[in-house]
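Student: Following this message is one structure expressed as structure tokens.
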């Protein structure tokens, strides 16, 4: 089955995830969807100093939005901020330093943000990590799980009260088409058992993000939740984490701007907010979260179990 899944996924990728596929899909895009001003609206973007995150911040800053860049590396973040301000003329761009791998600090950051700012219209969970080998953070959690899943859960859950008080609130999570080869598993969240395959662990985390989005959308109905796949994008993260894939596909990879297009569309357009909450998108279109005949569906019991496990784990790191 995994051979079928991987083959079906690669075939889908070659036809739908490449730069050529984006150009074909873009022919049906409605231009006026993005002809909007978002002045006065605020957007938090994690991992905003490079790749898709930076391209998203740049595009939204051009439309007048207030940008909160949440980044791990201060120097890179300040450099990216300077680029964005210079290119857009928008000075409402703020840098916040946070490493999502430091679980307790994610709580602390979100709580201090809520004290300092009275509004947040859109949260974009873009930061992610693929590890080549299993590593744990200072709190004993497997690092990529801490960044890709628990950090996203804590940041989102903590900011929900602020989002709910803001007009037209949205949460967008940047997932990956890699999740299509994974069925939700809740029994090995820390990747303690079996051989550690960083790419497959990442794909499992991306499946967990899809489930998390669906579940949060059911619970918090005043917020528009969405999760998306940017396609195969030429970013520093892909080059570092998957050098062979990057090298062999380099000519076919999308630009960061093409990868960010659906994120921006989900964040600013009226058309996106008119769709049901909790859905999965690719190239501005709702798509299935499963490959045909791939046996990746999970039960609602398993999905609720993931949310319970995340809630319990998150609480253990919550500052009192």
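Numbering (UniProt numbering), first residue to last: 1 to 320.
For glycine and all other residues, C-beta sits at the position ideal for the given N, C-alpha and C.
Note that the structure is a prediction, hence the values are computed from the model and not measured.
By the three-class DSSP mapping on this structure, what secondary structure does residue 104 have?
Tutor: One-based indexing of the chain shown puts residue 104 at position 104. Of the three classes helix, strand and coil, the one that applies to residue 104 here is helix, per DSSP.
Student: Can you look up residue 117 in the DSSP assignment and give me helix, strand or coil?
Tutor: Taking the first residue of the chain shown as position 1, residue 117 is located at position 117. If DSSP states are grouped into helix, strand and coil, residue 117 belongs with coil.
Student: Within this structure, are the beta carbons of residue 262 and residue 282 separated by less than 8 Å?
Tutor: Here residue 262 refers to the residue found at position 262 of the chain shown. Here residue 282 refers to the residue found at position 282 of the chain shown. Contact: yes.
Student: Excluding sequence positions up to five away, which residues of its chain have a Cβ less than 7 Å from the Cβ of residue 73?
Tutor: Position 73 of the chain shown, counting from 1, holds the residue named residue 73. Excluding residues within five positions, the ones whose Cβ falls inside 7 Å are 49.
Student: For residue 97 versus residue 235, is the C-beta distance shorter than 8 Å?
Tutor: The residue you call residue 97 lines up with position 97 of the chain shown. The residue you call residue 235 lines up with position 235 of the chain shown. No, Cβ-Cβ distance for residue 97 and residue 235 is not below 8 Å.
Student: Tell me whether residue 268 counts as near the ligand MG, meaning its Cβ is closer than 7 Å to at least one heavy atom of that ligand.
Tutor: In terms of ligand content, the structure shown is empty, and the ligand MG therefore cannot be addressed.
Student: Here's a check: name, in chain order, each residue in its chain whose Cβ is nearer than 7 Å to the Cβ of residue 205, leaving out the five neighbours to either side.
Tutor: For the purposes of this step, residue 205 is taken as the residue at position 205 of the chain shown. The answer, listed in chain order, is 144, 145, 148 and 149.
Student: What's the call for residue 81, buried or exposed, on a 16-neighbour Cβ count within 10 Å?
Tutor: What you label residue 81 is simply residue 81 of the chain shown in a count that begins at 1. Buried.
Student: Between residue 131 and residue 241, what straight-line distance do the alpha-carbon atoms span, to the nearest angstrom?
Tutor: Here residue 131 is taken as the residue at index 131 of the chain shown, counted from 1. Here residue 241 is taken as the residue at index 241 of the chain shown, counted from 1. Distance between the alpha carbons of residue 131 and residue 241 is about 7 Å.
Student: Assess contact between the region 77-95 and the region 105-114, defined as three or more Cβ pairs (one per stretch) separated by less than 8 Å. Is contact present?
Tutor: As far as the Cβ criterion goes, the region 77-95 does not touch the region 105-114, which means the pair count is below three.
Student: One question on the structure: do residue 268 and residue 63 come within less than 8 Å of each other, judged by their Cβ atoms?
Tutor: Within the chain shown, the letter at position 268 stands for residue 268. Within the chain shown, the letter at position 63 stands for residue 63. Against a cut-off of 8 Å, the Cβ pair of residue 63 and residue 268 comes out as a contact.
Student: I believe residue 272 touches residue 222 by the beta-carbon criterion, under 8 Å. Please report the beta-carbon distance rounded to the nearest angstrom.
Tutor: Within the chain shown, the letter at position 272 stands for residue 272. Within the chain shown, the letter at position 222 stands for residue 222. Contact flag wrong, Cβ pair sits at about 16 Å.
Student: Evaluate the contact criterion for the region 196-203 versus the region 250-258: three or more CB pairs, one atom per stretch, below 8 Å.
Tutor: Touching, no, given that fewer than three Cβ pairs across the two stretches are closer than 8 Å.
Student: Would residue 33 and residue 265 be called neighbours here (beta carbons separated by less than 8 Å)?
Tutor: Working through the chain shown from its first residue, we reach residue 33 at position 33. Working through the chain shown from its first residue, we reach residue 265 at position 265. Yes; because the gap between Cβ atoms is below 8 Å, this pair is in contact.
Student: Could you check if residue 316 is buried or exposed, using at least 16 other CB atoms within 10 Å of its CB as the buried criterion?
Tutor: Position 316 of the chain shown, counted from the first residue, corresponds to residue 316. Residue 316 should be labelled exposed.
Student: Looking at C-alpha atoms only, which residue of 13, 157 and 212 is the closest neighbour of residue 300?
Tutor: Within the chain shown, numbered from 1, the residue matching residue 300 stands at position 300. Ranking 13, 157 and 212 by Cα distance to residue 300 puts 212 first.
Student: Just the C-alpha distance for residue 161 and residue 3, rounded to the nearest angstrom, thanks.
Tutor: Residue mapping note: residue 161 aligns to position 161 of the chain shown, counting from 1. Residue mapping note: residue 3 aligns to position 3 of the chain shown, counting from 1. Approximately 44 Å between the Cα atoms of the pair.
Student: Counting only runs that start and end within the region 242-270, where is the alpha helix (DSSP H) found for 4 or more residues in a row?
Tutor: Counting only runs of 4 or more, we get 243-249 and 256-268.
Student: Can you grab the Cα-Cα spacing for the pair residue 123 / residue 43, in whole Å?
Tutor: Indexing the chain shown from 1 puts residue 123 at position 123. Indexing the chain shown from 1 puts residue 43 at position 43. C-alpha separation (whole angstroms): 6 Å.
Student: Check the DSSP bridge columns for residue 229 and list the partner residues they point to.
Tutor: On the chain shown, residue 229 is found 229 positions in, with the first residue counted as 1. In DSSP, residue 229 forms a bridge with 282.
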